[in-house]
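Colleague:
Residue numbers (my numbering): 725 to 1040.
1) Using only the alpha-carbon positions, how far apart do residue 793 and residue 884 sit?
2) Can you tell me the Cα-Cα spacing of residue 797 and residue 888, whole angstroms?
3) Can you say whether residue 761 is buried or exposed, counting buried as having 16 or more other CB atoms within 10 angstroms of its CB?
4) Assess contact between the stretch 908–927 and the stretch 853–863, defined as three or more Cβ pairs (one per stretch) separated by less than 8 angstroms. Is contact present?
5) Under 8 angstroms by Cβ, that's how I've got residue 828 and residue 994 pegged, so tell me the actual separation to the nearest angstrom.
6) With residue 943 as the anchor, note down where its beta strand (DSSP E) starts and where it stops.
7) Assuming residue 1013 and residue 941 are in contact, meaning their beta carbons sit under 8 angstroms apart, how far apart are those beta carbons, in whole angstroms?
8) Can you tell me whether residue 1032 is helix, strand or coil according to DSSP?
9) Is it buried or exposed for residue 751, if we count other Cβ within 10 angstroms and need 16 for buried?
10) Which residue's Cα is closest to the Cα of residue 1021: 809, 868, 878 and 968?
11) What does DSSP give as the partner residue(s) for residue 779 in the beta ladder?
12) Report the partner residues of residue 763 according to the DSSP bridge assignment.
13) Quick check on DSSP: helix, strand or coil for residue 825?
14) Check whether the Cβ atoms of residue 921 and residue 868 lie closer than 7 angstroms to each other.
15) Just verifying my parser: in three-state terms, what is the DSSP assignment at residue 1019?
16) Is residue 962 helix, strand or coil when you go by DSSP?
17) Along the chain, where does the beta strand (DSSP E) containing residue 794 start, and where does it finish?
18) Would you mind working out which of 891, 763 and 778 sits nearest residue 1033, comparing C-alpha positions?
19) Hey, which unbroken runs of the alpha helix (DSSP H) at 4 residues or more fall wholly within the stretch 954–1004?
20) Let me know the secondary structure DSSP gives residue 730 once reduced to three states.
21) Hey, residue 809 and residue 782: beta-carbon distance below 7 angstroms or not?
22) Can you tell me which of the three DSSP states residue 923 falls into?
23) So for residue 756, helix, strand or coil by DSSP?
24) Kindly identify the DSSP beta-bridge partner or partners of residue 907.
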């Protein structure tokens, strides 16, 4: 059995490679997938999540991660998502690979949104706004840039401005994405109004992005809101945009969609297509430069499987 630590995962799963691997994987059938979400027995916000993806001829992937939001406040801080992703032989059940769960989660989640951007955002997109400055933020920046090299400006907003500034400074200090201007912003509404691509990576329970401010032709990527009580964009954003999801399985559990559906703002039939339909050409995706597109990154064990297979194909 091969082992891949975080450094190995990040090195081998570069975003151009992983986004293309996900695109190719969505050419086929949807794997069988299941999940278990266990909550902290004593009460609290901590969860332990187990996701399974199984596809004959490809593999069986099992992700086991703890989601502990309070870890970031520890001294020293720890990652809020920690665990393992394991890949098993679909013919024998034998273990083939174990990889760092946080790194795999960051990579596959960001690449999922990157694929959405590659398929749906305008090809001349110049400005990216990232809402949120946590561990996932630098990964979605890299993934969106891989999908749209036309990006020349990145704005970062966070509820705590110092965290947005720290992230922008660290990315600039690392000569991150040559030729791209990276800056923190305190004015979220103004940034929303000028961004061509907006990527939200927060755990907010109430909307931050106002749909009335979205510019013509904008692409809105919604990554957070994995629970029914969470939401990153308001009703008007969902009503104005053509809505896409990565996978229809699990989408009804996201407040991003279930809350406007419950309010009668949209219906489930307003979800135009998923990544399978987009990648296989069953839906054309964006149909004009003036259209607003909304992509809900739902996630799922099938994506962990796709990412684990992509990693296994690059490991010596």
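Just so it is clear, CB atoms sit at the ideal spot from N, CA and C, and this is done for glycine as well.
Here the structure is a predicted model, which means the values were calculated and not measured.
Modeller: Short version:
1) 16 angstroms
2) 17 angstroms
3) exposed
4) yes
5) Not really, about 32 angstroms apart at Cβ, beyond 8 angstroms.
6) 943–946
7) 5 angstroms
8) helix
9) exposed
10) 968
11) 783
12) 771
13) helix
14) yes
15) strand
16) helix
17) Segment: none, residue 794 is in no beta strand (DSSP E) and carries neither H nor E.
18) 778
19) 959–964, 979–986 and 999–1003
20) helix
21) no
22) strand
23) strand
24) 879
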